[in-house]
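Be aware that the sequence shown starts at 22, since it is given in the working numbering, and climbs by one per residue. By construction, the Cβ of each residue, glycine as well, lies at the ideal position given by its N, Cα and C atoms. None of the values given here were measured: they were computed from a predicted structure.
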Amino acid sequence: MILKSLGLPPFTPFFIIFSIIILSVIYGIYLQINGRAILNATRKLQGNLSNQTCREYIELLKSVKIPNKPEYWNTLRAGYQLVKEASNISPEIKNELKQTLLSRGVDRLR
Numbered sequence: 022m023i024l025k026s027l028g029l030p031p032f033t034p035f036f037i038i039f040s041i042i043i044l045s046v047i048y049g050i051y052l053q054i055n056g057r058a059i060l061n062a063t064r065k066l067q068g069n070l071s072n073q074t075c076r077e078y079i080e081l082l083k084s085v086k087i088p089n090k091p092e093y094w095n096t097l098r099a100g101y102q103l104v105k106e107a108s109n110i111s112p113e114i115k116n117e118l119k120q121t122l123l124s125r126g127v128d129r130l131r
């Protein structure tokens, strides 16, 4: 009734389905952006491994949604292996990275 009094057309099934599709596309783009951020951060970590870049990596991982795709999970595991095997990274940062990854659902960390 309110929509009619305002001169707006009533909601139709088409409008609802169209809205769901648009929201799904937007969410997919959001996940793709987060996934690319993970890939880029891991590449950056590989090129310049220091305590500071590890802290930045951890902060990024805390702030993004990890897409549920093997590509991203494997990239995170590879980033962890890189940090774990580095001798110039403090044990506290290594542990913080491991805890962050585990809390975000990344398993099979060796």
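If we call anything under 8 angstroms between Cβ atoms a contact, is residue i one with residue j?
i	j	result
T96	I59	yes
N55	K83	no
L81	A99	no
Could you say which of the options lies nearest to residue i if we only look at CA atoms?
i	options	result
L66	L123, R131, N116 and I110	I110
L52	R64, L70 and K90	K90
A107	N72, T33 and Y48	N72
I50	P88, E80, G126 and V104	P88
N116	D128, K105 and Y48	K105
Hey, quick one: how far does the alpha helix (DSSP H) through residue i stretch, first residue to last?
i	result
T63	P34 to G68
K86	Segment: none, K86 is in no alpha helix (DSSP H) and carries neither H nor E.
A99	P91 to E106
Alpha carbon to alpha carbon, what distance is there between residue j and residue i?
i	j	result
F35	I114	51 angstroms
Shorter than 8 angstroms from the beta carbon of residue i to some beta carbon of chain C?
i	result
L52	Considering every chain present, this structure includes no chain C. It has just one protein chain.
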